Amino acid sequence: MSAGATTSAGFYSLVQNAKVSGIDPYAFLQDLFKSWEMKPILSSNDLPQPAID
6 MSAGATTSAG
16 FYSLVQNAKV
26 SGIDPYAFLQ
36 DLFKSWEMKP
46 ILSSNDLPQP
56 AID
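For the sequence shown, our numbering gives the first residue as 6, with consecutive numbering after it.
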């Protein structure tokens with residue numbers, strides 16, 4: 006698999022997981038990219054989490 010296909014699959018996975026979790030994908034990606042600006046190496050615990058009602 007090419008690097009572009011792998012990157013596209015990862016991006017698509019982020020968007021779809023946000024949708025399934027009831028999170029606006031655009032807002033999720035904004036939060037994610039802001040997190041990367043502040044801390045370039047992230048763990049899964051650093052990612053934006055869905056709100057629990």
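Don't be surprised by glycine CBs; every beta carbon is placed ideally from N, CA and C. The structure displayed is predicted, hence computed values, not measured ones.
A Cβ-Cβ contact shorter than 8 Å links phenylalanine 33 with alanine 23. Annotation: threonine 11 to lysine 39 spans about 22 Å, alpha carbon to alpha carbon. Straight through space, the alpha carbons of serine 13 and serine 26 are spaced by roughly 20 Å. Aspartate 36: member of the alpha helix (DSSP H) spanning 30–43, first to last residue.
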